[in-house]
Structures are given as structure tokens and as C-alpha cells.
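>
2 protein chains.
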Amino acid sequence: MGPGTPGKVYLVGAGPGAADLLTVRAARLIEGADIVFHDALVSEEILALARHAELMSVGKRHGRHSAAQDRINAQMIEAAARHRVVVRLKGGDPMLFGRAQEEIDALRGAGIEYEVVPGVSAAFAASAVLGVSLTRRGIARSVVFVTPRVGEGEGPSRWADAARGADTVVLYMAAHEAPAVAQALIKSGRDPGMPVAILENISLADEKRQFRLLGELARTDAGRMGPALLLVGEICREAMHGAQPGN
Amino acid sequence: MGPGTPGKVYLVGAGPGAADLLTVRAARLIEGADIVFHDALVSEEILALARHAELMSVGKRHGRHSAAQDRINAQMIEAAARHRVVVRLKGGDPMLFGRAQEEIDALRGAGIEYEVVPGVSAAFAASAVLGVSLTRRGIARSVVFVTPRVGEGEGPSRWADAARGADTVVLYMAAHEAPAVAQALIKSGRDPGMPVAILENISLADEKRQFRLLGELARTDAGRMGPALLLVGEICREAMHGAQPGN
């Protein structure tokens with residue numbers, strides 16, 4: 002395609018990892034894409050669907066500098082001038098902790114047509130594999146999703162405040178800071194005896210699950226954990242006690 | 002199938018409504034199902050995928066009595082004795098405000114194999130169609146999902162407390178109580194000038210979007226709105242001002 006006939010950019014949620022947990026719309030777009038820009042966390046089995054596409058790995062696992070974001074924006078705009086179907090793949094759902102807004106604003110500014118395709122966020126896949134409802138009746142009537150950035154010069158208080166009132170707390174990209182996160186939650190008033198589920202690579206063959214009490218986690222050496230999801234709340238207690246089925 | 006060779010029950014998220022926003026796994030299960038139990042809110046285009054299945058409409062639009070839930074549980078268990086693939090379809094994701102836990106517990110108690118298939122919850126589809134990130138950088142670092150049950154004898158304070166600290170508040174099944182919800186949020190400290198997006202039938206042909214300021218909504222006569230999603234937060238301001246693109 003020449004200039005003057007720009008393509009369309011699809012910001013697509015890649016879901017938790019398993020290819021069949023993509024939406025039907027997402028799978029079709031990836032299969033038909035001319036070029037795919039993807040984060041490091043998008044799984045191999047999903048990238049394998051992009052049979053006709055040039056694959057561009059962008060983004061870093063931890064944090065992302067503005068310069069890198071500007072470069073991604075410029076690459077997508079440039080790609081839309083050359084290709085009909087440009088897919089920007091983001092783990093989970095693009096609109097939750099995915100920095101999609103910067104990319105949308107850049108595409109709007111450049112007059113490029115775009116569409117956001119939602120995806121299954123990791124919390125829902127975690128809830129499914131554990132067999133525990135995020136809003137179990139009688140135990141949880143609210144759930145908050147936060148990302149603690151303890152290391153970014155902001156104190157823990159703001160995200161802990163956000164987490165304070167909700168029954169179930171889901172923490173994204175929290176594993177590296179897990180002990181500090183647990184300490185902050187206890188300081189904000191959470192019971193140290195509250196269960197925490199820690200999940201990695203949900204829905205994939207190398208899925209890992211651990212359970213801790215919040216007080217134990219606060220004293221743990223986080224070590225070198227990959228990007229993981231923390232589910233904090235009474236909803237996890239039965240699963241922690243091994244009551245979950247082998248389904 | 003005879004007794005002693007029970008089938009499997011799949012608790013499947015139907016997503017926001019469009020058939021191609023089902024996950025690939027969900028679409029395949031619905032297409033292969035022998036029997037499908039579905040809520041009133043599951044869309045026609047999704048039910049049309051269940052070509053070989055007996056369709057059983059269960060559940061009510063507002064609230065659900067324990068007796069009705071017990072009956073659904075019993076019907077699913079009975080169906081699993083007769084059929085190989087039993088699908089229980091719930092709008093959005095089954096584990097968020099879906100009363101999935103009662104059904105899981107009943108299936109476990111009866112020794113029936115089950116699997117939960119996550120889905121795209123309405124908040125993510127709403128975020129996608131509006132083109133606004135739920136966690137827009139610099140504006141929102143947390144999002145809380147709540148369902149206010151103002152009419153169920155519980156005061157508004159508990160869910161409003163849960164909503165207090167989070168930057169973005171998503172209210173499910175809130176439209177009927179929208180003015181009371183807005184009043185409670187203002188009372189809990191939210192700015193009456195905060196924008197609210199009200200969405201119905203997201204992703205379907207008859208999708209409806211409205212925008213109000215929280216203070217306006219508090220003075221509105223809710224009238225007879227269908228089950229709708231409220232998105233409350235600064236993230237909605239640009240969309241409210243018509244800055245969203247025609248994508």
C-alpha cells in the first residue's frame with residue numbers, strides 16, 4: 002500500500018497466554034495481520050498464529066521509558082502507511098495497565114484508524130484455574146485491580162489506599178515487590194492471616210501457583226520471580242487448603 | 002450417556018455480547034455442546050452458535066432467589082448424567098458478579114467434573130469502544146469493580162467504601178439505581194464534576210452510550226434503563242467531550 006491509503010491499527014488483547022483464550026476476533030486479526038508488534042510477555046503459541054506477519058518484539062518486561070514508547074508509536078504509524086492490518090498485541094487486556102492510551106493518542110494524532118479488541122485479563126484466568134469467584138457471595142462484593150510501583154519513587158500508600166476498601170485485591174506485576182506489597186497491605190489494615198495466591202504463566206503448560214498468608218509473604222525473600230499476579234482475599238482460602246478440584 | 006459416565010460442566014464466560022468476542026475455547030464449547038444453560042442476558046448471536054444443543058434459559062435479570070439457584074444447580078447435575086458436554090453460559094466473565102461459586106460448590110459436592118472458561122468482562126469491552134484506558138497513565142492507577150445493591154437492605158456505604166480509594170470505579174448492574182449510586186459516591190467524597198459513562202449492550206448493534214457528570218446523574222430520574230455498566234472516573238472526560246474517534 003502506498004501513502005494516502007493507510008492501514009488500520011488493532012490494539013489487541015492477547016489474553017492470559019493460551020491461544021484458545023484469545024477472543025475469536027483477536028485470533029482472526031492475528032492470523033490475517035501483515036505485521037504484529039508484541040510485548041515480551043505474549044506467548045509463543047499466540048505468536049505462532051501470525052503466519053503471514055512480520056513479528057516485531059517491542060517493550061520491556063519491567064517498566065518502559067518514554068523514549069521507547071515514542072519509538073513504538075512511530076513504528077506503528079509508519080507500519081500503517083505500508084500495511085493494511087497492523088496488530089499491536091498486549092498481554093491480557095490492552096486497556097488495563099497496558100499503556101494503551103499513549104498509543105491511542107499517538108494514532109489519533111497521526112490520523113490513523115484504530116480499533117481496540119478487548120482480551121481476558123490475567124485475574125479472570127487466575128480465578129478460573131483456581132475455581133474461586135473474585136466476588137464470592139458472602140465473602141467479596143468488590144474487587145480492585147492495582148499495580149504497585151514500589152520502586153518508582155512513589156510511596157506504597159497510594160496504591161494501598163486504593164486497595165483498602167475492596168474485599169478482593171488483585172495486584173498486577175507485583176511479584177518482584179511481593180514482600181513490600183504484603184507489608185504495605187498489612188500496614189493499611191489487612192489481616193496478616195489473609196490468604197494470597199501467587200500465579201505465573203496462567204493457562205500455559207508451565208503455570209505455577211503458590212499460596213501464602215499475607216504475613217508470611219511479608220517475611221519472604223521474593224528472590225527472582227517472574228511477572229506474577231497476586232490475588233489477595235478470603236476468596237483464596239479454600240483453594241489454599243487444597244479444596245480445589247483436579248479439573 | 003448412562004449414569005456412571007457423567008459428563009463435564011463448563012462454566013463459560015459469554016463476554017460482552019458480540020459472538021466474536023467469545024474466546025476461541027468458549028466458541029468451540031458452545032458449538033459442541035449437548036445442552037446450554039444460559040442467563041437472560043446472553044445475546045441471541047451467541048446462542049445461535051449452539052447448533053446442536055438444547056437451550057435452557059435460567060436466571061432472572063435482577064437478583065436471583067436461592068430457590069432458583071438450587072434449581073439451576075440440580076438441573077446442571079442432572080444434565081451431566083445425561084450429556085457429555087454441558088455448558089453453563091454467563092454474561093461477561095463467570096467469576097465476576099456471576100454467582101459461579103454456588104454452582105461450582107454444587108458440582109464439586111456432586112462429584113461432577115467442571116471447568117471454568119474465562120470471558121471478556123463488560124468493563125473491558127466498554128473501555129475498548131470508548132477508546133479510554135481504565136488505567137490511563139497520570140490519571141488512574143487503580144480500578145475497582147463493584148455492584149451496588151442499594152435495594153437489598155444493605156446500606157450504600159459498604160460498596161461506596163470499596164469504591165472510595167480507587168481512581169476508576171466500574172459499577173455493574175447499577176443502572177436502575179444510578180441516581181442513588183451517584184449520590185452515594187458524592188457522599189463518600191467523589192467530585193460531583195467527575196464524568197460518568199453509561200453503557201448498554203456493549204459490542205452489539207443496539208449499543209447505547211451516554212455521558213453525565215456525577216452531580217447530574219445524582220439528580221436524574223433513572224427511569225426504566227436496562228442493565229447497564231457505569232464507568233466513573235477522569236478517564237471518561239475526553240470521551241465525554243466527543244474527543245473519541247470514529248473508529
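From first to last, the protein sequence lines stand for chains A and B. All you need for the working numbering is the position in the first sequence, starting with 1, plus 1. All you need for the working numbering is the position in the second sequence, starting with 1, plus 1. Ideal Cβ placement from N, Cα and C applies to all residues, glycine included.
Quick one: does the C-beta of leucine 205 of chain B sit closer than 8 angstroms to a heavy atom of the ligand NAD?
Of ligands this structure carries none, so the ligand NAD is not represented either.
> With distances taken between CB atoms, is the gap from alanine 175 of chain A to alanine 229 of chain A smaller than 9 angstroms?
Working through the first sequence from its first residue, we reach residue 175 of chain A at position 174. Working through the first sequence from its first residue, we reach residue 229 of chain A at position 228. Yes. Within cutoff.
> I'd like the ranges of any alpha helix (DSSP H) spanning at least 4 consecutive residues and lying wholly in the region 140-194 of chain B.
You should have 158-165 and 179-188.
> If you measure from the beta carbon of glutamate 116 of chain B to each beta carbon in chain A, is any gap under 9 angstroms?
As a position in the second sequence, residue 116 of chain B is number 115, starting the count at 1. Chain A, which has a Cβ nearer than 9 angstroms to the Cβ of glutamate 116 of chain B, makes this yes.
> Less than 9 angstroms separating the beta-carbons of glycine 14 of chain B and alanine 81 of chain B?
Residue numbering aside, residue 14 of chain B sits at position 13 when the second sequence is read from its first letter. Residue numbering aside, residue 81 of chain B sits at position 80 when the second sequence is read from its first letter. In this structure, alanine 81 of chain B does not lie closer than 9 angstroms to glycine 14 of chain B by Cβ.
> Would you give the residue range spanned by the beta strand (DSSP E) that glycine 132 of chain B belongs to?
Counted from its first residue, the second sequence places residue 132 of chain B at position 131. No beta strand (DSSP E) holds glycine 132 of chain B; DSSP gives it neither H nor E.
> Taking valine 87 of chain A and methionine 77 of chain A to be in contact with their CB atoms under 8 angstroms, please state how far apart those CB atoms are, rounded to whole angstroms.
One-based indexing of the first sequence puts residue 87 of chain A at position 86. One-based indexing of the first sequence puts residue 77 of chain A at position 76. Contact flag correct, Cβ pair sits at about 6 angstroms.
> Who are the near neighbours of alanine 124 of chain B in its chain, counting only those whose CB is closer than 6 angstroms to its CB and skipping five residues on each side?
As a first step, residue 124 of chain B is located in the second sequence; it is residue number 123 there, counting from the start. Val171, listed in sequence order.
> Quick one, which residues of the region 25-59 of chain B are near chain C if we go by CB-CB under 9 angstroms, in chain order?
Judged by its chain identifiers, the structure shown contains no chain C, and its protein chains are A and B.
> Near isoleucine 140 of chain A, which residues of its chain fall below 8 angstroms by C-beta distance, leaving aside the five closest residues on each side in sequence?
In the first sequence, residue 140 of chain A corresponds to position 139, counting from 1. Excluding positions up to five away in sequence, the list reads Asp168, Gly234, Glu235 and Ile236.
> Could you tell me whether the Cβ atoms of arginine 159 of chain A and arginine 142 of chain B are closer together than 9 angstroms?
The residue you call residue 159 of chain A lines up with position 158 of the first sequence. The residue you call residue 142 of chain B lines up with position 141 of the second sequence. Yes, the pair counts as a contact, with Cβ atoms nearer than the cut-off.
> Report, in whole angstroms, the separation of the C-beta atoms of methionine 195 of chain B and leucine 215 of chain B, which I expect to be a contact under 8 angstroms.
On the second sequence, position 194 is the one that residue 195 of chain B refers to. On the second sequence, position 214 is the one that residue 215 of chain B refers to. Between leucine 215 of chain B and methionine 195 of chain B the Cβ distance is about 5 angstroms, and since that is below 8 angstroms, they are a contact.
> So which residues on chain A does leucine 135 of chain B lean against when the C-beta distance must stay under 7 angstroms?
Locating residue 135 of chain B in the second sequence gives position 134, where the first residue counts as 1. Simply Met96 and Leu97.
> Cα-Cα, which of B:Arg85, B:Ala183 and B:Thr24 is closest to arginine 220 of chain B?
Locating residue 220 of chain B in the second sequence gives position 219, where the first residue counts as 1. Checked all of B:Arg85, B:Ala183 and B:Thr24; the closest Cα to arginine 220 of chain B is B:Ala183.
> Keeping to the same chain, check which residues put their C-beta closer than 6 angstroms to that of aspartate 21 of chain A; ignore five residues upstream and five downstream.
On the first sequence, residue 21 of chain A is found 20 positions in, with the first residue counted as 1. Counting only Cβ-Cβ distances below 6 angstroms, and skipping sequence neighbours, we find nothing.
> If you drop the 5 nearest sequence neighbours on each side, which residues of the same chain put their C-beta closer than 6 angstroms to that of isoleucine 199 of chain B?
Here the question's residue 199 of chain B lines up with position 198 in the second sequence. Result list for isoleucine 199 of chain B: Gln211, Ala229 and Leu231, in chain order.
> Report the neighbours of valine 167 of chain B on chain A: residues whose CB is nearer than 7 angstroms to its CB, in chain order.
Position 166 of the second sequence holds residue 167 of chain B. Here residue 167 of chain B is alanine; the residue named in the question, valine, does not match the sequence. Going along chain A in sequence order, the residues near alanine 167 of chain B (Cβ under 7 angstroms) are Val145 and Ala163.
> Give the DSSP bridge partners of serine 58 of chain B, in chain order.
Residue numbering aside, residue 58 of chain B sits at position 57 when the second sequence is read from its first letter. In the DSSP output, where bridge partners are listed per residue, serine 58 of chain B has B:His39.
> What do you reckon, are the CB atoms on serine 204 of chain B and alanine 19 of chain B nearer than 9 angstroms?
By 1-based counting over the second sequence, the position of residue 204 of chain B is 203. By 1-based counting over the second sequence, the position of residue 19 of chain B is 18. Yes, these two residues count as a Cβ contact at 9 angstroms.
> Answer yes or no: does any C-beta atom of chain A fall closer than 9 angstroms to that of glutamine 211 of chain B?
Numbered from 1 along the second sequence, position 210 holds the residue referred to as residue 211 of chain B. It does not; no Cβ of chain A falls within 9 angstroms.
> Over the uninterrupted beta strand (DSSP E) stretch that includes glutamate 208 of chain A, give me the two end residues.
Walking along the first sequence from the start, residue 208 of chain A turns up at place 207. No beta strand (DSSP E) holds glutamate 208 of chain A; DSSP gives it neither H nor E.
> State the start and end residues of the unbroken beta strand (DSSP E) segment that holds glutamate 116 of chain B.
Within the second sequence, residue 116 of chain B is the residue found at index 115, counting from 1. From DSSP, the beta strand (DSSP E) with glutamate 116 of chain B extends over 114-118.
> On the premise that serine 189 of chain A lies in contact with alanine 206 of chain A, defined as a C-beta separation below 8 angstroms, what is that separation, rounded to the nearest angstrom?
Numbered from 1 along the first sequence, position 205 holds the residue referred to as residue 206 of chain A. Numbered from 1 along the first sequence, position 188 holds the residue referred to as residue 189 of chain A. Rounded, the Cβ-Cβ distance is 36 angstroms, inconsistent with contact.
> Return no unless some Cβ of chain A is closer than 9 angstroms to the Cβ of glycine 120 of chain B.
Counted from its first residue, the second sequence places residue 120 of chain B at position 119. Yes, glycine 120 of chain B counts as interfacial toward chain A.
> On a Cα-Cα basis, can you pick out the residue from A:Leu90, A:Pro17, A:Asp222 and A:Ala49 that is closest to glutamate 178 of chain A?
Against the first sequence, residue 178 of chain A aligns to sequence position 177. Closest option to glutamate 178 of chain A, Cα to Cα, is A:Asp222.
> Please look up how many angstroms separate the CB atoms of threonine 148 of chain B and tyrosine 115 of chain B, rounded, as I've assumed it's under 8 angstroms.
As a first step, residue 148 of chain B must be located in the second sequence, where it is residue number 147. As a first step, residue 115 of chain B must be located in the second sequence, where it is residue number 114. Their Cβ separation, rounded to whole angstroms, is 24 angstroms, which puts threonine 148 of chain B and tyrosine 115 of chain B out of contact at 8 angstroms.
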